[in-house]
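Heads up: the structure comes next, in structure tokens.
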Amino acid sequence: MDAVIKAEGCPERLRVDLGTENVNAADMQRYLHLTENQPESVNVIFGPSTGNQRIERWWLILRSECIQFSMDLFDKLKADGHFSDNFLDKALIQFCFLHIVQVSLI
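Below you can see the structure in the form of structure tokens.
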């Protein structure tokens, strides 16, 4: 919101792809245009991501060759009730796995 205030407004339209990282941006764009009597589809345009193929490929390699095991492990801890996604649990996960992550990057 600081950026919206500093810029004295927000874009009239936002074009995004269907990636999970854009859901919040699209929701915020819709929220900021609630007072205008327009259909919400006018303010957010969804389309293919033709300009970010390199980063999408990098994320694919990172997940498949590096972090998918850890993601699955943490998801299982959460599903089994051993992780509640609060500050203390996150800090403990970081502390317990920091050495493993550092060693695997070497």
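Last residue of the sequence shown: 675 in the working numbering, with the numbers rising by one and none dropped. Don't be surprised by glycine CBs; every beta carbon is placed ideally from N, CA and C.
Whether residue i touches residue j by CB criterion (7 Å)
i, j, result
"V585", "N593", "no"
"F652", "D658", "yes"
"A595", "V573", "no"
"L661", "F615", "no"
Outcome for residue i when other beta-carbon atoms lying within 10 angstroms are tallied against a minimum of 16
i, result
"Q598", "buried"
Alpha-carbon spacing of residue i relative to residue j, whole angstroms
i, j, result
"L629", "P580", "31 Å"
"G650", "D641", "14 Å"
"L667", "V611", "45 Å"
"Q622", "L631", "14 Å"
Close beta carbons around residue i, own chain, < 8 Å, minus the five adjacent residues each side
i, result
"P617", "D586"
List in chain order: all unbroken beta strand (DSSP E) runs of 3+ residues lying wholly within the stretch 606–674.
613–615
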